[in-house]
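Asks:
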Amino acid sequence: MSIHTIKDSILGVPREEDNSTYLIYPQSYPRPHFINHYMLNLWYEADGKTFQKLFEEYQNRYRDVPIEKIQSDIINSIIYLYNLEMVEVTGEDKEVLAAMSKSETSIVNEQDFREINNFILDIAANQGCILNFDYDRNLEKKEVESVYSIPNMRINQIHRKEIYFKIYDSSNVLIGVAGVSFKRSLETCYVSTIILSDLKKFGDVIDELIKVLH
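With numbering that gives the first Met the number 0, the residue at position 37 of the sequence shown is 36, and numbering never jumps.
(1) Quick check: residue 106 and residue 33, are their CB atoms within less than 8 Å of each other?
(2) Once the 5 residues before and after residue 153 are set aside, which same chain residues still bring their CB inside 8 Å of it?
(3) Using the three-state DSSP reduction, which class does residue 87 fall into: helix, strand or coil?
(4) Sorted by chain position, which residues of the same chain lie with C-beta nearer than 8 Å to residue 5's C-beta, five sequence neighbours on each side aside?
(5) Just to confirm before moving on: does the CB-CB distance between residue 104 and residue 207 stay below 8 Å?
(6) Residue 178: buried (16+ other C-beta within 10 angstroms of its C-beta) or exposed?
(7) If you compare alpha carbons, which of 194, 65, 14 is closest to residue 167?
(8) Cutting at 8 Å between CB atoms, please list the residues of its own chain near residue 38, excluding the five before and the five after it.
(9) By Cβ distance below 6 Å, which residues in the same chain neighbour residue 187 in space, the five residues on each side in sequence not counted?
(10) Among all the DSSP beta bridges, which residues are the ones paired with residue 105?
(11) Exposed or buried, which one is residue 123 when buried takes at least 16 other CB atoms within 10 Å?
(12) What does DSSP give as the partner residues of residue 25 in its beta bridges?
(13) Which two residues bound the contiguous alpha helix (DSSP H) that contains residue 59?
(14) What span of residues does the alpha helix (DSSP H) with residue 124 cover, start to end?
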């Protein structure tokens with residue numbers, strides 16, 4: 000019951016960039032990703048350990064950092080690596096991962112598309128906030144159903160045309176969906192979709208998105 004690093008999940012070796020990040024080529028995705036030094040070290044160090052063991056080790060290493068911050072950073076990093084299929088998580092630790100994936104901002108996974116699609120259609124039916132910056136007008140309900148159909152979203156994500164993120168509030172309630180598109184350089188991205196249950200939560204959703212993209 001622990002975390003296992005999948006050593007052959009990336010092509011070649013991580014390449015250090017000028018801004019203290021590393022360029023990696025995950026086997027599971029057609030495009031490379033940038034990760035920071037902290038996440039790369041965690042990927043190496045997590046192999047065979049439980050979340051609790053990692054919490055203890057990192058708490059001893061970073062004594063000036065609140066334990067809540069340490070735990071949140073570790074779990075969010077493992078979620079990111081798990082989504083890239085760079086780690087496996089088993090036993091009770093997988094339950095922790097599932098609970099946190101549900102309540103934290105993260106990339107939409109295959110099992111999430113139905114929930115996300117239902118959320119979007121509900122927002123459209125109730126004339127909620129749906130912003131698609133590839134259009135210079137508001138989308139009609141039928142257009143929303145087409146643009147954000149499960150097959151279209153799945154294809155967009157597989158081909159990295161638009162990556163979708165699910166955003167939950169502190170009560171584990173889904174409050175927004177964001178779509179992000181990347182330039183070829185991978186150093187520049189722009190928000191292409193914002194879908195909100197409440198326009199007042201626009202700032203909160205953007206703040207969460209910035210955190211996960213940082």
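Just so you know, even glycine gets a beta-carbon here, dropped at the ideal spot from N, CA and C. For clarity, every value in this text was computed on a predicted model and none was experimentally measured.
Replies: This is what the structure holds:
(1) Residue mapping note: residue 106 aligns to position 107 of the sequence shown, counting from 1. Residue mapping note: residue 33 aligns to position 34 of the sequence shown, counting from 1. No; because the gap between Cβ atoms is not below 8 Å, this pair is not in contact.
(2) Your numbering for residue 153 matches position 154 in the sequence shown. The residues are 109, 112.
(3) Position 88 of the sequence shown holds residue 87. DSSP places residue 87 in strand when its eight states are reduced to three.
(4) Position 6 of the sequence shown, counted from the first residue, corresponds to residue 5. Correct list, in chain order: 84, 85, 86, 87.
(5) What you label residue 104 is simply residue 105 of the sequence shown in a count that begins at 1. What you label residue 207 is simply residue 208 of the sequence shown in a count that begins at 1. It is a contact, given that the beta carbons lie within the stated cut-off.
(6) Residue mapping note: residue 178 aligns to position 179 of the sequence shown, counting from 1. Residue 178 comes out buried.
(7) Counting from 1 along the sequence shown, the entry for residue 167 is found at position 168. Nearest option by C-alpha distance: 194.
(8) Taking the first residue of the sequence shown as position 1, residue 38 is located at position 39. Excluding residues within five positions, the ones whose Cβ falls inside 8 Å are 76, 79, 80.
(9) For this step, residue 187 is matched to residue 188 along the sequence shown. Hits under 6 Å: none found.
(10) As a working note, residue 105 is residue 106 in the sequence shown. For residue 105, which the question treats as bridged, DSSP gives the partners 165.
(11) One-based indexing of the sequence shown puts residue 123 at position 124. By the neighbour-count rule (16 or more Cβ atoms within 10 Å), residue 123 is buried.
(12) Mapped onto the sequence shown, residue 25 falls at position 26. According to DSSP, residue 25 bridges with 9.
(13) The residue you call residue 59 lines up with position 60 of the sequence shown. Residue 59 -> alpha helix (DSSP H) spans 50 to 60.
(14) As a first step, residue 124 is located in the sequence shown; it is residue number 125 there, counting from the start. 112 to 124 is the span of the alpha helix (DSSP H), which, as asked, contains residue 124.
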